[in-house]
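To keep things clear, I will list the structure first and then write my remarks on it.
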Amino acid sequence: MTKIGANQDFLEFAYQLYHTMQANEINLVYEGVVTQEITKTFTAMTEKNMVKAEEKSTVQRRVFNVMVECLQNISKHADPISGEEDEERRGIVLVSHGEHSYNVITGNVVKKEKRAGLEATLQHINSLDKEGLSAAYKQQILEGRISEKGGAGLGFIDIAKKSGNKIDYQFKELNDDFVFFIIITTISRS
């Protein structure tokens, strides 16, 4: 393929991406290393967009809190495909909004051996009502141990509490050792 043909293909891809983002009301898309600085930048950008849209402060706080938890999940728990533990944690983040809700969608690579535990945890959290989530949160604070990656196991519970909705998730097979773990969190605008 000639350079002009390759550029044309990329321009078509860029246009289709733009069109898809507009059609799905995607405000933010990022793929790359997730650090504390990236988290601060994205939450500030999202907050600015919501203020500009005159979104209610309660909705802004819920979106902000869910976004921070989801980004921390990537920065602490994404697994590097290279196998190098000191490799930076990468993921994808999308924030979209519609007439009735915001969606925070994140994805990252995890070792296939973690899938069953993640599914069991999320199924349990999704089975709880508001009171059950509060009780699970308190119990985890009292009994939870800090993991080797610095978490106390509160992230998914907090996401469910703050969003007021079940956490949707999927696993996509990458190879024999890894899956791509996608979390979709919906936050009502009402």
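Residue 154 in this note's numbering sits at position 154 of the sequence shown; the count goes up by one each step and never skips. Even glycine gets a Cβ: it sits at the ideal position worked out from N, Cα and C.
- For residue 170, same chain residues with a beta-carbon under 7 angstroms away, outside a window of 5 residues either side, are 182 in chain order.
- Residue 74 is positioned such that its CB atom lies no closer than 8 angstroms to that of residue 29.
- 82 is the residue among 12, 82, 7 and 72 whose C-alpha sits nearest the C-alpha of residue 177.
- Straight-line measurement puts the Cα of residue 40 at about 34 angstroms from the Cα of residue 7.
- In the DSSP assignment, residue 54 falls outside any beta strand (DSSP E), carrying neither H nor E.
- A straight-line Cα-Cα distance of about 22 angstroms links residue 96 and residue 109.
- Residue 135 has its alpha-carbon roughly 13 angstroms from the corresponding atom of residue 127.
- Per DSSP, reduced to three states, the secondary structure at residue 24 is coil, with no helix or strand assignment.
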